[in-house]
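Residue numbers (the working numbering): 3 to 521.
Working notes for the structure below.
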Amino acid sequence: MSYNLSTFLEDSARQYADRDAIVFGDTRLTYAQVDGAANLVANLLTSRGIEPGDKVALSCPNLPYFTIVYFGILKAGATVVPLNVLLKGREVAYHLGDSDAKAYFCFQGTPELPIGQEGYAGFQDAEGCEHFFVITADPGADSPIEGTETLMQAAAGQPSTFTSVATDEDDTAVILYTSGTTGQPKGAELRHRNMRDNALASKDLFGADADKPDTYLCVLPLFHSFGQTVIQNGAFAFGGTVVMLPRFEAEPALGLMLKEGVTFFAGVPTMYWGLLGALTPDTDVSTLAQNLRVAAAGGSALPVEVHKDFEKRFGVTILEGYGLSETSPVASFSHYGEPARVGSVGTPIPGVEMTLLDPESWDEVEWTPDAIGEIAIKGHNIMKGYHGRPEATDEVLRDGWFRSGDLGRRDEDGWYYIVDRSKDMIIRGGFNVYPREIEEVLLTHPDVSLAAVVGVPHDSHGEEIKAYVILNDGASVSPEELVAWGKEQMAAYKYPRQVEVVDSLPMTATGKILKRELT
3 MSYNLSTFLE DSARQYADRD AIVFGDTRLT YAQVDGAANL VANLLTSRGI
53 EPGDKVALSC PNLPYFTIVY FGILKAGATV VPLNVLLKGR EVAYHLGDSD
103 AKAYFCFQGT PELPIGQEGY AGFQDAEGCE HFFVITADPG ADSPIEGTET
153 LMQAAAGQPS TFTSVATDED DTAVILYTSG TTGQPKGAEL RHRNMRDNAL
203 ASKDLFGADA DKPDTYLCVL PLFHSFGQTV IQNGAFAFGG TVVMLPRFEA
253 EPALGLMLKE GVTFFAGVPT MYWGLLGALT PDTDVSTLAQ NLRVAAAGGS
303 ALPVEVHKDF EKRFGVTILE GYGLSETSPV ASFSHYGEPA RVGSVGTPIP
353 GVEMTLLDPE SWDEVEWTPD AIGEIAIKGH NIMKGYHGRP EATDEVLRDG
403 WFRSGDLGRR DEDGWYYIVD RSKDMIIRGG FNVYPREIEE VLLTHPDVSL
453 AAVVGVPHDS HGEEIKAYVI LNDGASVSPE ELVAWGKEQM AAYKYPRQVE
503 VVDSLPMTAT GKILKRELT
């Protein structure tokens, strides 16, 4: 069977040619316009000798250019390699080399985020990458990088029609790089069918309907699997409209939700925390709630207090899901239209299985309501493997099962609950301590707004528990008082002996708290 992921765009362009596909500021692009622009990119690539199966890298924030280039690469039968826009030149060179990229599209950047210069430095240091194209904010501008050509200059004169290359559904559509929390980042190879079926799951998961298309606020980075599949591809599969915001900021996000009548919001937990913190007495919460049909969360565990507060303020239940880059990404989700099970990431999506394994082996954990094991996943969403890394692939894939590295439990109805990352688990004096549990307790303190718990070295206990907390505005509770309060709330081996009050927490580009920078 031949299938190319780009048919999401092509089918919608045929059926809903004049419907808005992308909104960015005052720019509104129809499906026909996005498809035509993607055809220019496909023709450019083939004219430069890019062949089916070649890898093409892309560094771009949430701008219409990302989607246009993404689908243009796919139309040409090539593989998209989206790169984190925060990468430095040395890191870009690594990703280009590791992925065997033949071409690289890079946004020019800004003084605060100089993607272009860093990308070009990486391109110059990478072997085998032959073509470099600068995506400029102004389509008519010259390249800010001497000696390079812009996307518009390179594509000038190319036809706006293109017959997409037929690909096999098992061909690699996208290579998504893991965050590299241990060792060098690895590229997860995702097939066309992996990405296709995961995006089409929006129909069952969220009630997506092309006759009643959703308006999606795109604040999740499109270079990450969550934003790519659930927002971009999920919207294009059902003729939805994607409203883009290059960087998440709570107040502008709320403004766009009101202005564009956003019906679908997906974000990581810190984004929900940010939205709640940005509400003022003047915010038109009733209109936001009236428009908002779906609120989805993933990427990391959603604090229970944030879940409850959002539902109270917006009248919408946040649907929690779970997945990884290696699973395209969605593996499980809560059920749309059903009462929430706060703290649960739901049940496996159709066509996917999940189970719990002994972290030290591939043996299944004997189920009890309190049994904890490493989550393993099997189904249509599982990657081919890590690009060029068969040994690393064999460590996590066996008989179709993928080991996630996440610890979880399962209730009697088959709903899953994330306990913590196995690598984040703290062992204090021989006791297993799960940081998420401590964070949830700390968030019940009236003065605590956000918390992150890590293990720090200790001479006698091996590890000690340390909490970094952000306080609510006007709060003045001291670290010592929080330690004493925690002692009253938690078992002796659990409560944090060290508390540090901070103004902010380090975060990844996707909004996850970067615990490895907390010591």
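The C-beta atom is built at its ideal place from N, Cα and C for all residues, glycine as well.
For clarity, every value in this text was computed on a predicted model and none was experimentally measured.
{"Check": "Ranges of the alpha helix (DSSP H) found wholly within the region 458–514, counting only runs of at least 4", "Outcome": "481–491"}
{"Check": "Arg412 burial status per 10 Å Cβ neighbour count (16 or more: buried)", "Outcome": "buried"}
{"Check": "In chain order, each alpha helix (DSSP H) run of at least 4 residues that lies wholly inside the region 385–449", "Outcome": "392–398 and 437–444"}
{"Check": "Coarse secondary structure for Asp170, derived from DSSP in three states", "Outcome": "strand"}
{"Check": "Of the listed residues Ser406, Pro84, Ser162 and Phe267, nearest to His226 (C-alpha basis)", "Outcome": "Pro84"}
{"Check": "Through-space distance from Leu224 to Gln234, alpha-carbon basis", "Outcome": "8 angstroms"}
{"Check": "Beta-bridge partners of Gly381, as assigned by DSSP", "Outcome": "Val354"}
{"Check": "DSSP state of Asp13 mapped onto helix, strand, coil", "Outcome": "helix"}
{"Check": "Burial state of Arg476, where buried means 16 or more other Cβ atoms lie within 10 Å", "Outcome": "Note on residue identity: the sequence assigns Gly, not Arg, to residue 476. By the 10 Å Cβ count, Gly476 comes out exposed."}
{"Check": "Span of the beta strand (DSSP E) around Pro84", "Outcome": "Thr81 to Pro84"}
{"Check": "Residue range of the unbroken alpha helix (DSSP H) whose run includes Val306", "Outcome": "Val306 to Phe316"}
{"Check": "Cβ-Cβ separation, Ser330 to Thr446 (assumed contact under 8 angstroms), whole Å", "Outcome": "With a Cβ gap of about 35 angstroms, Thr446 and Ser330 do not count as contacting."}
{"Check": "Separation of Asn434 from Ile472, as counted between CA atoms", "Outcome": "25 angstroms"}
{"Check": "Rounded C-alpha distance that separates Cys131 from Arg50", "Outcome": "12 angstroms"}
{"Check": "Which listed residue (Leu399, Thr138, Tyr33 and Thr169) has its alpha carbon closest to that of Glu151", "Outcome": "Thr138"}
{"Check": "Thr183 - DSSP class collapsed to helix/strand/coil", "Outcome": "Residue placement at Thr183 is flagged as unreliable, the pLDDT there being 45, under the threshold of 50; the coordinate-derived value follows with that caveat. Of the three classes helix, strand and coil, the one that applies to Thr183 here is coil, per DSSP."}
{"Check": "Opening and closing residue of the alpha helix (DSSP H) in which Ala210 lies", "Outcome": "Counting along the chain, Ala210 falls outside any alpha helix (DSSP H), and DSSP gives it neither H nor E."}
{"Check": "Ala19 burial status per 10 Å Cβ neighbour count (16 or more: buried)", "Outcome": "exposed"}
{"Check": "Near the ligand ADP: Pro113 beta-carbon under 6 angstroms from a heavy atom", "Outcome": "By its list of ligands, the structure shown contains no ligand whatsoever, and the ligand ADP lies outside what it can speak to."}
{"Check": "The region 257–277 / the region 36–52 touching (three or more Cβ pairs under 8 angstroms)", "Outcome": "no"}
{"Check": "Beta-bridge pairing of Ala157 - partner residues as DSSP gives them", "Outcome": "For Ala157, which the question treats as bridged, DSSP gives no partner whatsoever."}
{"Check": "Same chain, Cβ closer than 7 angstroms to Pro254, five either side skipped, listed in chain order", "Outcome": "Leu247"}
{"Check": "Extent of the continuous alpha helix (DSSP H) to which Arg195 belongs", "Outcome": "His194 to Leu202"}
{"Check": "Beta-carbon contacts of Ser406 that lie in its chain and below 7 angstroms, excluding the five residues immediately before and after", "Outcome": "Leu326, Glu376, Ile377, Ala378 and Ile379"}
{"Check": "Where Thr349 sits in the DSSP three-state scheme", "Outcome": "strand"}
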